[in-house]
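Trainee: Here's a structure for you.
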Amino acid sequence: SSHNNPSVSSLPRPQSPTTNNPWHSEVDNDQRYESVKRLVSAIFPHPNPAAVVDPTIKALIDYVYKIEKAMYENAASAEEYTHLIEVKHDKMQKEVNEKKEKRIRDAAAARAAMQ
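Mind the numbering: the sequence shown is residues 1 to 115 in the UniProt record's numbering, read in order.
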């Protein structure tokens, strides 16, 4: 599980919002941190600790933090924030799966061309 994963558990805490909404008291930093970990796990279901220091991976993780912060600042309620995180998670997971399937198809086509 991602809770035992050293790379995911060593992620930094979410950034403080620049705007404060009344509902922010309903979603604390621990819950926001869980949202970030959820989004990161959509991209890297099984990251290894070395991956977190890789510049490309680090850039993607920074991007996830920016997305989460924007959702936290712009959502009108805790429910909307949770919904936005879920929609983004599903979209990211779908994109990762599509890229993976394309790599598999491309590799199969390359092997077939070599026959």
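We put the CB at the ideal spot given by N, CA and C, even for glycine.
What separation, rounded to the nearest whole angstrom, lies between the Cα atoms of glutamate 80 and valine 27?
Mentor: If I take the Cα positions, the gap works out to 11 Å.
Trainee: Would you report the Cα separation of aspartate 106 and glutamate 98, rounded to the nearest angstrom?
Mentor: Each residue's Cα considered, the two are about 12 Å apart.
Trainee: Could you tell me the alpha carbon to alpha carbon distance between asparagine 20 and histidine 46, rounded to whole angstroms?
Mentor: Roughly 34 Å separates the two Cα atoms.
Trainee: Write down every uninterrupted run of the alpha helix (DSSP H) in the UniProt domain "KIX" (18-97) whose length is 4 residues or greater and which is fully enclosed by it, in chain order.
Mentor: Listed in chain order, the complete alpha helix (DSSP H) runs (minimum 4 residues) inside the UniProt domain "KIX" (18-97) are 29-43 and 55-74.
Trainee: Under the rule that 16 or more other beta-carbon atoms within 10 Å means buried, what is glutamine 115, buried or exposed?
Mentor: Its Cβ having fewer than 16 others within 10 Å, glutamine 115 is exposed.
Trainee: Pick from Lys58, Thr56, Arg32 and Ser25: whose alpha carbon is nearest that of glutamine 15?
Mentor: Taking only the C-alpha atoms, the option nearest glutamine 15 is Arg32.
Trainee: What separation, rounded to the nearest whole angstrom, lies between the Cα atoms of lysine 69 and proline 17?
Mentor: Their Cα atoms are separated by approximately 7 Å.
Trainee: Return the chain-ordered list of same chain residues with a C-beta closer than 7 Å to the C-beta of tyrosine 65, the five sequence neighbours on each side being excluded.
Mentor: Around tyrosine 65: Pro14, Gln15 and Val36.
Trainee: Indicate whether methionine 92 and isoleucine 43 have their beta-carbon atoms separated by less than 8 Å.
Mentor: Their beta carbons are under 8 Å apart, which means methionine 92 touches isoleucine 43 by this criterion.
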